[in-house]
Amino acid sequence: MTSAETAIPPRRAESHLQAVRDAAGETVVAQWLAVAAASAEAVAVRTPDGSITYAELVARAQDRGRAIAAAVPDRDRLVAVETESDIDSVAAILAVLCSGRPLVLLDPFLPDDRRGHILELSGARELSPAEIRALPDAPEPVPEPAPGDIAVLIFTSGSTGRPKGVAHTQRGWTNQARDGREFMGLRPDDRAAVLLPLSFGAGFDCLVMTLINGATMLLWDVRRRSAADLRDWLDREAATTAHATPSLLRAWLAGSAGADGAGRTGGLNDLRLLSVCGEPSHHSDVELARRTVLSRGTFCCWSGSSETGDLAFNLFPRDRAVVPGPLAAGTPAAGKRIRIVGDDGDDVPVGQTGEIVVESRYLAAGYHRDRALTADRFVRLDDGRTRFYTGDLGRFDETGDLLLLGRLDDAIKVRGYRVEPAEVEFALRQLPWAVDAAVVADRDAGELTGYLAVDPATWAPAPSEVRAALRDSLPEWMTPRHIVVLTEFPRTERGKVDRAALPPPPERVIEPVRGPTEAALAALWCTVLGLDEVGRSEDFTALGGDSLAAARMLADLRDRWLVDLSTAEFAETPTVAGLAVLLDDAHRDRAQTAARGTLSRLRDGTGVPLFFAAGAGSPAAALLPVVRELPGDGPVYGLQAHGLEQRGRADRSIRAAARRAIREIRAVQPAGPYRFAGYSYGGFVMLEAAAILHGRGERANVVLIDTLFEPELRARLAAGRDGDAVAGTADTGDTLPLPDRRTTGTVTGAATVTASAVPPARGTGARRLSAWNRAWNRAAMRFLVATAGLWRLPATLQWTVFWDLGRALIRQHRPTPYPGSVTMIAAESNPDDPATWSLLATGGVTEVRVPGDHHSMMRAPFAAGTAAAVHAALAANTGAEEGTGDDEYSDDE
Numbered sequence: 001m002t003s004a005e006t007a008i009p010p011r012r013a014e015s016h017l018q019a020v021r022d023a024a025g026e027t028v029v030a031q032w033l034a035v036a037a038a039s040a041e042a043v044a045v046r047t048p049d050g051s052i053t054y055a056e057l058v059a060r061a062q063d064r065g066r067a068i069a070a071a072v073p074d075r076d077r078l079v080a081v082e083t084e085s086d087i088d089s090v091a092a093i094l095a096v097l098c099s100g101r102p103l104v105l106l107d108p109f110l111p112d113d114r115r116g117h118i119l120e121l122s123g124a125r126e127l128s129p130a131e132i133r134a135l136p137d138a139p140e141p142v143p144e145p146a147p148g149d150i151a152v153l154i155f156t157s158g159s160t161g162r163p164k165g166v167a168h169t170q171r172g173w174t175n176q177a178r179d180g181r182e183f184m185g186l187r188p189d190d191r192a193a194v195l196l197p198l199s200f201g202a203g204f205d206c207l208v209m210t211l212i213n214g215a216t217m218l219l220w221d222v223r224r225r226s227a228a229d230l231r232d233w234l235d236r237e238a239a240t241t242a243h244a245t246p247s248l249l250r251a252w253l254a255g256s257a258g259a260d261g262a263g264r265t266g267g268l269n270d271l272r273l274l275s276v277c278g279e280p281s282h283h284s285d286v287e288l289a290r291r292t293v294l295s296r297g298t299f300c301c302w303s304g305s306s307e308t309g310d311l312a313f314n315l316f317p318r319d320r321a322v323v324p325g326p327l328a329a330g331t332p333a334a335g336k337r338i339r340i341v342g343d344d345g346d347d348v349p350v351g352q353t354g355e356i357v358v359e360s361r362y363l364a365a366g367y368h369r370d371r372a373l374t375a376d377r378f379v380r381l382d383d384g385r386t387r388f389y390t391g392d393l394g395r396f397d398e399t400g401d402l403l404l405l406g407r408l409d410d411a412i413k414v415r416g417y418r419v420e421p422a423e424v425e426f427a428l429r430q431l432p433w434a435v436d437a438a439v440v441a442d443r444d445a446g447e448l449t450g451y452l453a454v455d456p457a458t459w460a461p462a463p464s465e466v467r468a469a470l471r472d473s474l475p476e477w478m479t480p481r482h483i484v485v486l487t488e489f490p491r492t493e494r495g496k497v498d499r500a501a502l503p504p505p506p507e508r509v510i511e512p513v514r515g516p517t518e519a520a521l522a523a524l525w526c527t528v529l530g531l532d533e534v535g536r537s538e539d540f541t542a543l544g545g546d547s548l549a550a551a552r553m554l555a556d557l558r559d560r561w562l563v564d565l566s567t568a569e570f571a572e573t574p575t576v577a578g579l580a581v582l583l584d585d586a587h588r589d590r591a592q593t594a595a596r597g598t599l600s601r602l603r604d605g606t607g608v609p610l611f612f613a614a615g616a617g618s619p620a621a622a623l624l625p626v627v628r629e630l631p632g633d634g635p636v637y638g639l640q641a642h643g644l645e646q647r648g649r650a651d652r653s654i655r656a657a658a659r660r661a662i663r664e665i666r667a668v669q670p671a672g673p674y675r676f677a678g679y680s681y682g683g684f685v686m687l688e689a690a691a692i693l694h695g696r697g698e699r700a701n702v703v704l705i706d707t708l709f710e711p712e713l714r715a716r717l718a719a720g721r722d723g724d725a726v727a728g729t730a731d732t733g734d735t736l737p738l739p740d741r742r743t744t745g746t747v748t749g750a751a752t753v754t755a756s757a758v759p760p761a762r763g764t765g766a767r768r769l770s771a772w773n774r775a776w777n778r779a780a781m782r783f784l785v786a787t788a789g790l791w792r793l794p795a796t797l798q799w800t801v802f803w804d805l806g807r808a809l810i811r812q813h814r815p816t817p818y819p820g821s822v823t824m825i826a827a828e829s830n831p832d833d834p835a836t837w838s839l840l841a842t843g844g845v846t847e848v849r850v851p852g853d854h855h856s857m858m859r860a861p862f863a864a865g866t867a868a869a870v871h872a873a874l875a876a877n878t879g880a881e882e883g884t885g886d887d888e889y890s891d892d893e
């Protein structure tokens, strides 16, 4: 590129270009050619790979337009072009328009079936940009199209899911360009970054808006280039406007904002407008943009459809407050009258809801090759306008803004109440874990399924947590019956949530309860899990319960029935029927409630068992989400700290815990080779156990799961010397930050957990504790850690005490080097250097990274990925040690 190319061209008078457009008439081709002639030396398109001026682009488009007209002599024959975000594609699009042939935009990411259907339905001749460049030259001039001629066929999904073609005229696109001037203020000195694929209707709209207004179009292919470099590129190119979908905006800027909303907050220096379209926008989108890239400019959400083109625009200058909730569609687009009509077809008063009807000269001409559907939805008016019945619900508020309220056929009756899925979706989006949300209605069953997309690097909630949080803002009948938590949503080729591809909720078989004990337990489970009914054989974890929910439920049992059951016992039979047997047996013989050790069976099976140690402060039942996802049918046993759930003095060193683990393990499997896995603190225990067994001539296959070093242990290993023991120092200032399990998006260390573990005095807040209270809390926690296991404490406090104890034991740990090889399965956020582990496992360390943070990797939806990594590591390590991959894990694949 030359220096002249990279400079912003001088401002060209908008009034002159307006006169040029007016003289050209009402076709998109004539207006673009006129504007291009007036802006000949200005850069029309720039990508990271190059640029082209208006004069160069016109020459290419007209030359290739003549070639296309000669190659496709039938003026009504459509020409389909596979479109990328590059200069060749822009030139090919304009060439087809100049040829007078209707254009069909093909997305390169279309599934073969949909692509084939579009080509079959349209009857188009497919030409790639390369094929257009290679067509023979043709000297014959091409007649200019008329305003009513079809310019573009936009394909959209119908109610059957099959694409239908919506025909747009030359006149219609000139009005879209007018919207760009009137609402977005696009002018010749703008540099508009189009982040929407040009094959999308909105992407093509941006192309027309930009080039017919004489601006420079900046193209960045968001599907083929990393978004990590996008901000810097926009800054270098001095982008003045940017145009994206809400989902792209969230994915791009969420990384800039960081988990706590901090990050690069200076904004892009030249960006005066950021627009989003294609999906509903929310107040959080405006706040996110203002916090990251839009420090001074205006946020614009605009809406439309394939049939109406642009529908409405809503502008949020920096000083305009944003009301929480979905953003209103805003002011009707240029040249379009929007009415809200009732069932009788008459306009309803302002503030009332009805069907949105649009009347304009600039609507689509109808559906390609579907006269019946066209006649049903489009009505030609006597004054030359067209009326279109959108099938969407909406209303005007007192300020004149249009609000979109979902589809006419979206509403569902739940227990006799009318429920709008859009309202439930909004409540889901407000949850602290939400990156995206969707709600699907099942009218036959009269129930909703809520889908929540979460950040892979943060804590993922259990479905029961989501239901509990929703009940703060929704009545019970509006709370979705099913909650599915995902790391990302499937999307259509146009970037919208593909609701048909969302995974169905797990199928439930609700077997009626039997007897009074099961009935009482089922009622308790419904309360804890936020469900309407529970079957006697349904699994607690599969219903959305996690270890915290299990602890609350068991604590309730303890209070109601005076029966003390551990999560380890519950994990062996986590159904209403199984728990009822435990309760009835316990009433007959209280002795059965006493735990007999630290080992519990998490999964039955045959073959060599897997012994799986839980993290500090976690019961073995917390491993169930991963255990349930492990392939194969081998038995799995969980280990937890002694004294965690039944009275018994806790082990005071990792070596002592390892020796206890060996005794428990040998009661199940007297001789090796053994299969060990350990999560977090449990990894140190199992590695130490493997080292002890190796000294006795036995082998173990060891998999560590995000086992984190405390700074003292890391420093001692690096220095190659012993440090002082750090016993009971839960309030040390040098702690390793871990995500707080009680919130989302925050980071806390042991000191924070310690301070909050002991409730403050009445009338004080956690943030206003006096120095005396803080000292008292630290002293109390030191006492509880020193006497861990000897007292029965509330579950969450008990777990906090053992969590602090586990970290103290790691800090004072003097490990025995293990001469075998191990696999470390680490979360994406794990900060430890794998080389440090080579000091403990001298036979070699293989690191495998999986999605999620330290805690969320062990829960749905990330647990499946963690389980797959454990399974692969066990199979690989067994093959490496025994010279074969044949074992119960590798065979199951």
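No gaps in the numbering here: position 4 of the sequence shown is 4 in the UniProt record's numbering, and each next residue is one more. C-beta atoms are modelled at their ideal positions from N, C-alpha and C, and glycine is treated no differently. These numbers were taken from a predicted model, which means no experiment stands behind them.
Compare the beta carbon distance of residue i and residue j with 9 Å and say whether it is the shorter of the two.
| i | j | result |
| --- | --- | --- |
| proline 861 | glutamate 828 | no |
| isoleucine 68 | leucine 127 | yes |
| glycine 643 | leucine 474 | no |
| leucine 218 | leucine 196 | no |
| alanine 434 | leucine 452 | yes |
| arginine 655 | tyrosine 674 | no |
| glycine 351 | glycine 172 | no |
| proline 512 | glycine 545 | no |
| alanine 462 | alanine 549 | yes |
| leucine 207 | threonine 241 | no |
Just to confirm the assignment, what range does the beta strand (DSSP E) spanning residue i have?
| i | result |
| --- | --- |
| arginine 407 | 402-407 |
| aspartate 436 | 434-442 |
| threonine 241 | 241-244 |
| valine 104 | 103-106 |
Per DSSP, residue i forms a beta bridge with which residues?
| i | result |
| --- | --- |
| glycine 545 | Per DSSP, none; premise fails for glycine 545. |
| threonine 846 | Thr823 |
| serine 128 | Answer is none; serine 128 lacks a bridge partner. |
| asparagine 314 | Cys301 |
| threonine 47 | Gly50 |
| methionine 217 | Val45 and Ala192 |
| valine 702 | Phe676 and Val822 |
| isoleucine 483 | Gly450 |
| glutamate 355 | Val341 and Leu393 |
| residue 906 | Outside the modelled stretch of the chain, which goes from 1 to 893, sits residue 906, for which no answer is possible. |
| proline 332 | Ala312 |
Measuring straight from C-alpha to C-alpha, what distance separates residue i and residue j?
| i | j | result |
| --- | --- | --- |
| proline 456 | threonine 606 | 34 Å |
| aspartate 205 | aspartate 189 | 19 Å |
| phenylalanine 388 | leucine 381 | 10 Å |
| glutamate 488 | alanine 251 | 10 Å |
| arginine 101 | arginine 64 | 12 Å |
| leucine 565 | leucine 543 | 20 Å |
| alanine 873 | threonine 846 | 9 Å |
| glutamate 56 | leucine 94 | 12 Å |
With 16 as the cutoff for other CB atoms within 10 Å, does residue i come out buried or exposed?
| i | result |
| --- | --- |
| aspartate 734 | In this prediction, aspartate 734 has a pLDDT of 34, which is less than 50 and means its spatial position is unreliable; what the coordinates show is noted afterwards. When all chains shown are included, aspartate 734 counts as exposed. |
| residue 958 | Since the first residue of the chain shown is 1 and the last is 893, residue 958 is not available in this structure. |
| valine 485 | buried |
| proline 143 | exposed |
| valine 626 | buried |
| isoleucine 510 | exposed |
| proline 834 | exposed |
Which residues mark the beginning and the end of the alpha helix (DSSP H) in which residue i is found?
| i | result |
| --- | --- |
| tryptophan 477 | Looking at the DSSP string, tryptophan 477 is not in any alpha helix (DSSP H), and its letter there is neither H nor E. |
| valine 348 | Neither: valine 348 is in no alpha helix (DSSP H) and is coded neither H nor E. |
| leucine 294 | It is not in any alpha helix (DSSP H) - leucine 294 carries neither H nor E in the DSSP assignment. |
| proline 625 | 624-627 |
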